[in-house]
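Below: the structure, in structure tokens.
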Amino acid sequence: MNMANPFQIPACLKRADLELIRRNRFRKGIIAVVAASAALLVGLLIAGCMSEHSKTASITPLENEPDFSKPQANQVLVAEQKPESSPAPAAFQPVLPVAKKIVLAHSGEFYMVKGGDTLARIAKTHGTTINAIKAANSLDGDRIAVGAKLKIPTA
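Rendered as structure tokens:
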């Protein structure tokens, strides 16, 4: 403290005030940059949407293009036919998928392998064993290919 001026602010407090002022300026600058970036982004989004709406397809007729709305000299006019009263179309009936089993009368069942099928699942579904399916199809390992036709032995 200065004896000549007892109301003078000490130097250590002046430095703390300057640091606080610098921090506040930095915060305000960051906020301004973020706000400006957000405003620019919103502006670009709006401009992009506006340009999509203004790009409507306009059809301009060519000078030499014939006018098909009027009959030409070499055209044959056909009278409009009124459709006969026909029954209302039937409601849409979805087609059920066809089963992948192919049954032959003399040689047992065949099964078309689908994605995700395993020998264990196929054997369980058809009430047989994995080894029986392997033996009937001459398979060495457990791998089967999608779309392969497997003979299912009858029990």
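Sequential numbering from 0 applies to the sequence shown in numbering that gives the first Met the number 0. C-beta atoms are modelled at their ideal positions from N, C-alpha and C, and glycine is treated no differently.
Cβ-Cβ distances below 7 Å link residue 23 to nothing in the same chain once the five nearest sequence neighbours on each side are left out. Per DSSP, residue 123 is one residue of the alpha helix (DSSP H) stretching across 118-125.
Annotated three-state conformation of residue 6 is coil, per DSSP.
Taking 8 Å as the upper bound for CB-CB distance, residue 152 and residue 119 are not in contact here, some 15 Å apart.
Note on geometry: alpha-carbon atoms of residue 9 and residue 35 lie some 39 Å from one another. In summary, residue 134 is exposed, with fewer than 16 beta-carbon neighbours lying within 10 Å of its beta-carbon over all protein chains present.
Residue 19 counts as exposed, since fewer than 16 other beta carbons sit within 10 angstroms of its beta carbon.
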